[in-house]
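Number 421 marks the last residue of the sequence shown (this note's numbering); no jumps.
Backbone N, C-alpha and C fix where the C-beta goes; we use that ideal spot for every residue, glycine too.
Given the structure is predicted, the values throughout are model-derived calculations rather than measurements.
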Amino acid sequence: MDHFLYKGGILHAEDVAIPDIAAQVGTPFYVYSAATLTRHYQLFTEALSPLPHLVCFAIKSLSNVAVLKLLGDMGAGMDVVSGGEYRRARAAGVPGDRIVFSGVGKTRDEMRLALTDGIRQFNVESEPELRALSEVAASMGRTAPITLRVNPDVDAKTHEKIATGKSENKFGIPIAKAREVYAEAARLPGIEVVGVDVHIGSQLTDLAPFEAAFTKVRELTLALRADGHVIRRLDLGGGLGIPYTRSNEAPPLPTDYGAMIKRVLGDLEVEVEIEPGRLISGNSGILVSSVIYVKNGEGRDFLILDAAMNDLVRPSMYGAHHDIVPVVEGAPGSPTHPFDVVGPVCETGDTFAKGRELALLAEGDLVAFRSAGAYGAVMASEYNTRPLVPEVLVKGDHFAVIRARPSFDEILSRDTIPAWL
Ligand code: LLP
1 MDHFLYKGGI
11 LHAEDVAIPD
21 IAAQVGTPFY
31 VYSAATLTRH
41 YQLFTEALSP
51 LPHLVCFAIK
61 SLSNVAVLKL
71 LGDMGAGMDV
81 VSGGEYRRAR
91 AAGVPGDRIV
101 FSGVGKTRDE
111 MRLALTDGIR
121 QFNVESEPEL
131 RALSEVAASM
141 GRTAPITLRV
151 NPDVDAKTHE
161 KIATGKSENK
171 FGIPIAKARE
181 VYAEAARLPG
191 IEVVGVDVHI
201 GSQLTDLAPF
211 EAAFTKVREL
221 TLALRADGHV
231 IRRLDLGGGL
241 GIPYTRSNEA
251 PPLPTDYGAM
261 IKRVLGDLEV
271 EVEIEPGRLI
281 SGNSGILVSS
291 VIYVKNGEGR
301 DFLILDAAMN
311 DLVRPSMYGA
321 HHDIVPVVEG
331 APGSPTHPFD
341 VVGPVCETGD
351 TFAKGRELAL
361 LAEGDLVAFR
371 SAGAYGAVMA
381 SEYNTRPLVP
391 EVLVKGDHFA
401 VIRARPSFDE
411 ILSRDTIPAW
421 L
C-alpha cells in the first residue's frame with residue numbers, strides 16, 4: 001500500500017498532484033510520501049510487538065535528513081555504514097543510543113566520531129576491525145558496545161550483487177569461527193560484547209533463508225551464553241523485499257516476518273533489532289520524468305526521457321524492473337505501444353526498459369517510475385554533468401523540496417584549476 005494514486009485521472013502523491021510539483025520543481029525529481037514512510041515503519045514495530053525491539057532504518061536506502069527526521073521523531077533507530085551517514089542521523093536529531101554502525105571497512109576516524117558523539121553498538125565484521133576498535137576505544141578511555149556480524153553461509157536467493165550471507169561474500173565472520181572471535185572480544189580492553197548481528201542480503205522475497213540464518217543465530221546465542229558471554233541483543237539485519245511489479249505475487253509481509261522472528265527467537269529474552277531499508281523507503285517514493293522525444297528507430301520506438309541512469313541506476317546496474325506509468329492516465333481501453341524507455345546519457349546501458357507497453361506518450365508528457373524511493377536518489381550521480389536530481393517530500397496537501405537541484409555554477413565551482421596549469 002502506498003499513497004501514489006490517481007485522482008481524477010492524475011497521479012497524486014497523497015493530496016498533491018504530481019504536475020503541480022513538476023511545474024514548480026522541474027523534472028526529473030524524486031517525490032516521497034510521508035504517510036507511506038510512516039506506515040511502513042509502523043508495520044515493523046507492530047510486527048515485532050510485544051518483543052522488546054528497535055527498528056533501525058537502513059539509511060543507505062534513502063538518507064535525506066528530512067526523511068530521517070520524520071522516522072526518528074517516531075522513535076526509529078538508524079543503521080549507518082559511514083561517518084557521513086552517522087552525521088546525517090545525528091543532524092536529523094536521532095540520539096547516538098539509537099544508532100547502530102554497520103559496514104566492513106569502518107575507519108578509526110569513524111570509530112572516534114561515533115564513540116565521541118554516542119553509539120548504540122558497532123556491528124563488527126572482522127578481527128582486524130575488532131582490534132582497531134579496541135585500540136581506539138581504550139585510547140579514549142571509552143567502552144565500545146559491540147556485536148559481531150556473523151556470516152551464516154545461507155543462500156539468500158536474491159540478485160548476486162546484493163546477496164551477503166554466503167561464505168564467499170566479504171561480509172561478517174564465518175559462523176563456525178564466531179566463538180573463537182567472541183572469546184578474543186571478551187579479553188580486549190575497551191570492548192563490551194552485547195549481542196550478535198546477521199544480515200544475509202537484500203530484496204529477499206522468501207522467508208526461508210531468513211529462518212535458516214536466524215536458526216543458526218539462535219544456536220550460536222545459546223553456545224555463546226554457555227561460554228559465559230552476555231548476549232542481550234540480536235540484530236537481524238534488513239532485507240525484506242518489495243513487489244516491484246504490481247501484478248506479481250506479493251512477497252511476505254512484515255507481519256509474517258515478525259511472526260517468524262517471534263517463533264524462532266522469541267524465547268531467548270533478547271532485544272531484537274532489525275535494519276529494514278527498502279521495505280520502508282522503496283514504495284514511499286517515485287521518480288518523475290518528462291518525455292523529451294519519441295524517436296522512431298528500426299523496428300522499435302524509443303521514449304527518450306529527461307531522467308537517466310545517473311538519476312536511477314538500478315535498471316542499468318542490476319537489470320532491475322520498475323513499473324513506469326503515465327502521470328495523466330489514459331481513458332480505459334486507450335491503445336498502448338511497446339517502447340524502449342531510455343535516458344539521454346551517452347551509453348547503451350542507459351536503458352530503463354525494453355519493449356515496455358505504455359500509453360501513446362508524446363513530447364512533454366510526464367511519467368513516473370514506481371518503487372523508486374529506495375536506492376534511487378542515494379545512488380544518483382552527476383555523470384554527464386547532469387545536476388543531482390532533487391528530492392521532494394509530501395505530507396497531506398503540503399510539499400517541500402528537501403534537496404534542491406544544484407545550479408551549474410555550484411557544480412562547476414567544485415572543480416578547481418591548479419595555479420601551475
Ligand atoms: N543492513 C545491512 C547491513 C545492509 O547491508 C543492508 C543493505 C540493509 C541493512 C538494508 O537492506 P534492505 O532492507 O534495504 O534490503 N543497491 C541495492 C541494494 C543494496 C543493499 C545493501 N545493503 C539495490 O538497489 O537493490
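Paired residues, beta bridge with H337 - DSSP:
L358
Is A114 a contact residue of the ligand LLP, with contact defined as CB to any heavy atom under 7 Å?
no
Quick check: V272 and L70, are their CB atoms within less than 8 Å of each other?
no
Residue range of the alpha helix (DSSP H) that includes F302:
Taken as a continuous stretch (DSSP letters only), F302 belongs to no alpha helix (DSSP H), being part of the beta strand (DSSP E) at D301 to L305.
Would you tell me roughly how many angstroms separate the C-alpha atoms of R87 and F101, rounded to the nearest one?
12 Å
Is K60 close to the ligand LLP? I mean its beta-carbon at under 7 Å from any heavy atom of the ligand.
yes
Integer Cβ distance of S289 from D306, believed to fall under 8 Å:
6 Å
D397 and D15 closer than 8 Å at C-beta
yes
Inter-stretch contact at 8 Å, needing at least 3 Cβ pairs: the segment 314-333 / the segment 405-416
no
Return the CA-CA distance between V124 and L115, expressed in angstroms with no decimal places.
14 Å
Just checking H322 against the ligand LLP - is the residue's beta carbon closer than 7 Å to any of the ligand's heavy atoms?
no
Taking the alpha carbon of R414 as the reference point, which residue from V392, E382, V394 and F399 has its own alpha carbon closest?
E382
Identity of the residues DSSP links to D235 by a beta bridge
D197 and E273
Contact check, I261 vs L48 under 8 Å by CB: the rounded distance?
7 Å
Any chance the CB of R87 is under 7 Å from a heavy atom of the ligand LLP?
no
Take A320 and list the residues in its own chain whose beta-carbon comes closer than 6 Å to its own, dropping the five residues that flank it on each side.
R314
Got a sec, what are the start and stop residues for the beta strand (DSSP E) T147 sits in?
A144 to N151
Where does L51 sit, in a helix, a strand or coil, going by DSSP?
coil
Considering only C-alpha positions, which residue in the set V367, E410, A377 and P418 is nearest to H12?
V367
Between the CA atoms of K295 and F210 - distance to the nearest angstrom
46 Å
Residue range of the alpha helix (DSSP H) that includes E391:
Unbroken run through E391 is the beta strand (DSSP E), E391 to K395; no alpha helix (DSSP H).
For the beta strand (DSSP E) that contains K262, what are its first and last residues?
Counting along the chain, K262 falls outside any beta strand (DSSP E), though it belongs to the alpha helix (DSSP H) covering P254 to L265.
Going by beta-carbon coordinates alone, are L148 and I173 separated by less than 8 Å?
yes
Mind checking G84: buried by the 16 CB within 10 Å criterion, or exposed?
exposed
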